Amino acid sequence: GAVVSQHPSRVICKSGTSVKIECRSLDFQATTMFWYRQFPKQSLMLMATSNEGSKATYEQGVEKDKFLINHASLTLSTLTVTSAHPEDSSFYICSARGISYNSPLHFGNGTRLTVT
Amino acid sequence: AQSVAQPEDQVKVAEGNPLTVKCTYSVSGNPYLFWYVQYPNRGLQFLLKYITGDNLVKGSYGFEAEFNKSQTSFHLKKPSALVSDSALYFCAVRVLLTGGGNKLTFGTGTQLKVEL
Chain E
27 GAVVSQHPSR
37 VICKSGTSVK
47 IECRSLDFQA
57 TTMFWYRQFP
67 KQSLMLMATS
77 NEGSKATYEQ
87 GVEKDKFLIN
97 HASLTLSTLT
107 VTSAHPEDSS
117 FYICSARGIS
127 YNSPLHFGNG
137 TRLTVT
Chain P
409 AQSVAQPEDQ
419 VKVAEGNPLT
429 VKCTYSVSGN
439 PYLFWYVQYP
449 NRGLQFLLKY
459 ITGDNLVKGS
469 YGFEAEFNKS
479 QTSFHLKKPS
489 ALVSDSALYF
499 CAVRVLLTGG
509 GNKLTFGTGT
519 QLKVEL
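Here it is, written out as structure tokens:
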């Protein structure tokens with residue numbers, strides 16, 4: 027089945043630094059990728075939707091200058107958490123959808139970010 | 409707004425017994441409904457979806473879900489639970505976006521615990 031690879035699976039960084047998370051679709055072309063944030067024992071909160079070659083669409087309340095999303099190719103999207111703070115510590119999950127409008131979503135395994 | 413609700417934070421069943429995880433939806437028009445499962449520190453895995461057709465949808469790992477239009481429900485079921493089914497389950501609905509495209513909106517999740 028379709029595979030989405032998310033890297034790193036776990037990262038610890040110091041407050042004030044930036045962290046980049048990669049999301050790759052390994053065996054299909056992902057025209058649309060989604061980035062979610064999940065707090066402990068809570069649902070997934072959609073942060074932004076990115077379409078290949080265009081700017082990401084951010085959900086209300088998500089700071090686009092803090093969470094930079096790049097979707098430069100059909101197989102790669104990146105999320106950069108800039109000037110990270112402890113409150114940015116969370117589980118970040120990406121998902122990708124193929125070219126067809128009805129293509130299912132495939133999820134990465136998530137990235138556990140801890141900001142110290 | 410298009411949404412799904414999962415009224416139970418947690419469901420406990422004994423191994424071998426049938427299980428039901430509840431989901432109700434609020435959607436204008438025809439709903440596109442999904443169930444996903446999440447194991448600890450992992451992304452989401454697709455279980456099944458309802459778009460149209462038979463109200464009983466069969467999915468992965470022996471799970472099925474019944475679409476009930478009169479009750480606006482899409483409960484997840486399995487005839488005989490396994491300890492390995494213990495995980496976090498999310499119901500989701502596809503939401504159409506203005507300008508094209510779509511996204512998934514997730515319920516709050518239900519923690520399933522299957523005990524020996």
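Going down the list, the sequences are from chains E and P.
If you number the first sequence the way this note's numbering does, the last residue is 142 and the count never jumps.
If you number the second sequence the way this note's numbering does, the last residue is 524 and the count never jumps.
The beta-carbon is built from N, C-alpha and C at its ideal position, and this holds for glycine as well.
From a predicted model like this one, the values you see are computed outputs, not experimental measurements.
Point to revise | Cross-chain neighbours of F475/P in chain E, by beta carbon under 8 Å | key: Under the 8 Å cutoff, chain E gives no residues; its nearest Cβ is about 17 Å from F475/P.
Check your understanding: Can you give the Cα-Cα distance for L144/E and L94/E, rounded to whole angstroms?
Key -> Since the first residue of chain E shown is 27 and the last is 142, residue 144/E is not available in this structure.
Check your understanding: Do you know how far the Cα of S478/P is from the Cα of H33/E?
Key -> 43 Å
Point to revise | the stretch 512-523 of chain P contacting the stretch 409-425 of chain P, beta-carbon criterion three pairs below 8 Å | key: yes
Review point. Taking the alpha carbon of S468/P as the point to measure from, which residue in R450/P, F442/P, V412/P and D462/P has its own alpha carbon closest?
Key: F442/P
**Study point:** Straight-line gap, T83/E to S76/E (C-alpha atoms, nearest Å)
**Key:** 6 Å
Practice item. Verify whether the separation of the beta carbon atoms of T57/E and G124/E is less than 9 Å. Key: yes
Check your understanding: For L496/P, which residues from the same chain have a beta carbon less than 6 Å from its beta carbon, with the 5 sequence-adjacent residues on both sides left out?
Key -> Q446, G517 and Q519
Check your understanding: From the beta carbon of T513/P, is the nearest beta carbon of chain E less than 9 Å away?
Key -> yes
Point to revise | For T142/E, the first and last residue of its enclosing beta strand (DSSP E) | key: Taken as a continuous stretch (DSSP letters only), T142/E belongs to no beta strand (DSSP E), as it is neither H nor E.
Check your understanding: So what does K485/P bridge to, in DSSP terms?
Key -> T428/P and E472/P
Point to revise | Distance CB(V429/P)-CB(K466/P) smaller than 9 Å | key: no
Review point. Run through DSSP, which three-state label would S492/P get?
Key: helix
Review point. Should I47/E and T140/E be called a contact, given that it needs their Cβ atoms to be closer than 9 Å?
Key: no
Review point. Can you list the residues of chain E that T356/P reaches, using a CB-CB cut of under 9 Å?
Key: Nothing in the structure corresponds to residue 356/P, since chain P is present only between 409 and 524.
Exercise for review: May I have a chain-ordered list of the beta strand (DSSP E) segments no shorter than 3 residues that lie completely inside the stretch 64-134 of chain E?
Suggested key: 70-77, 93-99, 102-107, 116-123 and 131-133
Practice item. May I have the straight-line CA-CA distance separating P502/P from N510/P, to the nearest angstrom? Key: Residue 502/P is actually Arg in this sequence, not Pro. In a straight line, the C-alpha of R502/P is about 7 Å away from that of N510/P.
Review point. Looking only at C-alpha atoms, which of F498/P, T432/P, T506/P and G437/P sits nearest to Y413/P?
Key: It is worth fixing the name first, because residue 413/P is Ala in this sequence and not Tyr. Checked all of F498/P, T432/P, T506/P and G437/P; the closest Cα to A413/P is T432/P.
**Study point:** Secondary structure of A413/P, DSSP reduced to three states
**Key:** strand
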